[in-house]
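Shown next, in structure tokens, is the structure this report addresses.
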Amino acid sequence: MRRSKFFMPTMKENPAEAQIPSHCLMLRAGMVRQTAAGIYSWLPLGYRVLKKIEQIVREEMDATGAQEILMPTIQPAELWRESGRYDDYGKEMLRITDRHERGLLYGPTHEEIVTDIFRNSVKSYRDLPQNLYQIHWKFRDEVRPRFGVMRGREFFMKDNYSFDIDKDSARRSYNKMFVSYLRCFARMGLTPIPMQADSGAIGGDMSHEFIVLADTGESAVYCDPTWLYTDPLSLEIDFDDDLQPIVDRWTELYAATDDKYDADNCPIDESRLYTGRGIEVGHIFYFGTKYSTAMGATVSDGQGRDVAVEMGSYGIGVSRLAGAIIEASHDDNGIVWPESVAPFKVGLINLRSGDGPCDAVCENIYASLNNAGVETLYDERDERAGVKFAEMDLIGLPWQVAVGPRGVKAGTVEIGRRGAAREEVSSESALARLA
Ligand code: 5CA
Numbered sequence: 011m012r013r014s015k016f017f018m019p020t021m022k023e024n025p026a027e028a029q030i031p032s033h034c035l036m037l038r039a040g041m042v043r044q045t046a047a048g049i050y051s052w053l054p055l056g057y058r059v060l061k062k063i064e065q066i067v068r069e070e071m072d073a074t075g076a077q078e079i080l081m082p083t084i085q086p087a088e089l090w091r092e093s094g095r096y097d098d099y100g101k102e103m104l105r106i107t108d109r110h111e112r113g114l115l116y117g118p119t120h121e122e123i124v125t126d127i128f129r130n131s132v133k134s135y136r137d138l139p140q141n142l143y144q145i146h147w148k149f150r151d152e153v154r155p156r157f158g159v160m161r162g163r164e165f166f167m168k169d170n171y172s173f174d175i176d177k178d179s180a181r182r183s184y185n186k187m188f189v190s191y192l193r194c195f196a197r198m199g200l201t202p203i204p205m206q207a208d209s210g211a212i213g214g215d216m217s218h219e220f221i222v223l224a225d226t227g228e229s230a231v232y233c234d235p236t237w238l239y240t241d242p243l244s245l246e247i248d249f250d251d252d253l254q255p256i257v258d259r260w261t262e263l264y265a266a267t268d269d270k271y272d273a274d275n276c277p278i279d280e281s282r283l284y285t286g287r288g289i290e291v292g293h294i295f296y297f298g299t300k301y302s303t304a305m306g307a308t309v310s311d312g313q314g315r316d317v318a319v320e321m322g323s324y325g326i327g328v329s330r331l332a333g334a335i336i337e338a339s340h341d342d343n344g345i346v347w348p349e350s351v352a353p354f355k356v357g358l359i360n361l362r363s364g365d366g367p368c369d370a371v372c373e374n375i376y377a378s379l380n381n382a383g384v385e386t387l388y389d390e391r392d393e394r395a396g397v398k399f400a401e402m403d404l405i406g407l408p409w410q411v412a413v414g415p416r417g418v419k420a421g422t423v424e425i426g427r428r429g430a431a432r433e434e435v436s437s438e439s440a441l442a443r444l445a
């Protein structure tokens with residue numbers, strides 16, 4: 011992509027409304043714009059990141075055997091009356107009336123819809139287990155939407171729903187999600203910490219929140235330092251295996267947020283205890299037959315009985331993650347994207363646009379990177395070098411390649427990682443490193 015053609019309305023000044031680094035940087039880098047309180051439009055740079063995050067989540071969910079579906083954002087109030095949540099949900103639910111005076115709502119979550127689909131389609135234990143997911147918009151009329159996309163009113167969520175014949179099987183489904191969450195967040199360059207949680211409005215028996223570490227995160231985190239050195243991606247996972255031992259290994263380590271931490275009863279010695287900050291990016295729930303009983307989602311159990319199906323739901327804040335990754339990875343000059351979610355891999359800077367030899371070397375590198383499938387943003391604008399470097403630092407692409415007249419004469423270009431010193435190497439070896 012050529013910078014002169016790319017719609018990326020960057021800002022030099024810190025916007026007054028932004029209280030945390032990610033909100034400030036997302037606005038300054040032209041990733042998002044606020045359309046209404048807590049409601050955002052995603053511009054090309056931000057949308058590229060959102061799609062990368064979404065794709066990692068999708069790949070990890072598919073690897074567990076879950077299947078992707080797409081449910082409507084608008085739901086009938088009737089289904090929520092059946093589950094008993096219509097009145098309970100309160101003002102966070104955006105309620106709508108259609109022209110026939112029928113009650114609708116913009117879905118804050120999808121347990122009711124998916125339970126309705128299930129009860130109309132599945133009748134036998136032979137069709138279980140099932141795990142269905144979608145990656146779609148939700149709306150919650152938060153009292154205080156804040157911190158940009160971190161606490162929005164409209165936000166992008168991955169939500170899975172599992173259906174099992176009994177508790178044992180439901181636990182296996184829960185464990186698959188637990189382990190795949192660890193992998194998802196690790197693939198985004200984050201350190202995930204699962205914590206036992208309350209199940210709140212969703213209800214249920216077993217629940218974990220996944221917190222990722224970020225110095226500027228909104229919750230205080232107290233945990234066993236082993237978390238920080240354990241890479242979930244180093245685990246050999248087969249989702250057909252019993253994952254209980256892995257889940258036990260992870261849940262046996264101590265972790266708590268400020269609301270649960272109690273210095274007097276903490277099992278970790280103060281000298282070893284890691285204290286930091288984090289952001290909740292995922293939440294999983296096992297709630298048994300709460301919805302299936304209320305809504306009549308039963309299956310035959312093969313022994314002549316009809317039983318309510320055991321269910322769980324599993325959420326990941328996909329749009330929140332864009333902010334959370336920035337909170338976990340930025341410096342004074344801007345964002346530092348992990349390669350797996352970066353909007354482009356390489357920022358190519360022409361230090362003297364209009365200079366024949368510089369232009370030629372840049373065009374050659376740009377074409378070669380495009381041919382090799384390396385996503386590149388090429389800044390060929392007629393701007394000062396300092397302006398271009400500052401913008402590349404702000405938008406945080408993992409690699410920077412700078413081409414200037416002096417280097418071109420000597421047969422070299424500069425290459426470096428975002429935030430590190432650049433080295434002078436030949437164009438060929440720069441290309442070899444990036445492709
Ligand atoms: N039905 C369950 C699981 S599908 C559920 O809704 N869980 S949740 O309420 O915990 O939300 C799941 C994830 O969505 C949260 O962990 C968080 O990362 C994200 N999320 C929740 N509220 C917001 C919000 N207002 N803005 C951005 N992300 C949010």
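Each step along the sequence shown adds one to the number in my numbering, with nothing skipped, and position 130 is 140.
Beta carbons: idealized from backbone N, C-alpha and C, even for Gly.
Check, Outcome
"Please report how far the alpha carbon of Ala39 lies from the alpha carbon of Ile425, in whole angstroms.", "22 Å"
"For the beta strand (DSSP E) that Asp316 lies in, which residues bound it at each end?", "316–318"
"Does the Cβ of Glu122 lie closer than 7 Å to at least one heavy atom of the ligand 5CA?", "no"
"Taking the alpha helix (DSSP H) that Asn185 belongs to, which residues open and close that run?", "177–197"
"May I ask whether a heavy atom of the ligand 5CA can be found less than 7 Å away from the beta carbon of Gly113?", "no"
"Throw me the rounded Cβ distance for the Arg287 and Ala224 pair, which I believe falls under 8 Å.", "6 Å"
"Only counting the same chain, and skipping five residues up and downstream in sequence, which positions put a Cβ closer than 7 Å to that of Tyr376?", "Leu358, Thr386, Tyr388"
"Can Tyr324 be considered in contact with the ligand 5CA, in the sense that its beta carbon sits closer than 7 Å to one or more heavy atoms?", "yes"
"Identify whether Gly396 lies in helix, strand or coil by the three-state DSSP scheme.", "helix"
"Looking at the structure shown, is Trp347 part of a helix, part of a strand, or coil, going by DSSP?", "coil"
"Is it buried or exposed, Gln85, if we count other Cβ atoms within 10 angstroms and call 16 or more buried?", "buried"
"What would DSSP say about His33, mapped onto helix, strand or coil?", "helix"
"According to the Cβ coordinates, are Cys233 and Ile256 closer than 8 Å?", "no"
"Just curious, the alpha helix (DSSP H) that Cys372 is in, first and last residue?", "366–381"
"Three-state secondary structure (DSSP) at Ile79?", "coil"
"Using a Cβ-Cβ cut-off of 6 Å (strictly less than) and excluding sequence neighbours within five positions of Ala47, which residues of its own chain qualify?", "Pro155"
"Relative to the ligand 5CA, is the shortest distance from any of its heavy atoms to the C-beta of Glu78 smaller than 7 Å?", "no"
"By DSSP, does Val411 sit in helix, in strand, or in coil?", "strand"
"Is Thr201 near the ligand 5CA - that is, is its Cβ less than 7 Å away from at least one heavy atom of it?", "no"
"To the nearest angstrom, how far is it from the Cα of Ala3 to the Cα of Met205?", "This structure cannot speak to residue 3, because the chain is shown only from 11 to 445."
"Can you tell which of Glu320, Pro19, Val309, Phe188 has the C-alpha that lies nearest to the C-alpha of Tyr301?", "Glu320"
"Tell me which residues share the same chain as Ser14 and place their Cβ nearer than 8 Å to its Cβ, disregarding the 5 neighbours each side in the sequence.", "Glu390, Arg391"
"Please name the residue in Leu404, Arg362, Ser439 whose C-alpha comes closest to that of Asn24.", "Leu404"
"Just to confirm the assignment, what range does the alpha helix (DSSP H) spanning Glu92 have?", "87–93"
"Asp369: beta carbon under 7 Å from a heavy atom of the ligand 5CA?", "no"
"Roughly how many angstroms lie between the CA atoms of Asp250 and Val418, to the nearest whole one?", "55 Å"
"Is Gly396 near the ligand 5CA - that is, is its Cβ less than 7 Å away from at least one heavy atom of it?", "no"
"Using a threshold of 7 Å, is the CB atom of Met216 nearer than that to any non-hydrogen atom of the ligand 5CA?", "no"
"Restricting to Cα atoms, I'd like to know which of Ile175, Glu122, Val67, Leu444 is closest to Met167.", "Val67"
"Counting only beta-carbon separations shorter than 8 Å, does Arg394 have a partner in chain B?", "No chain B is part of this structure, which consists of one protein chain only."
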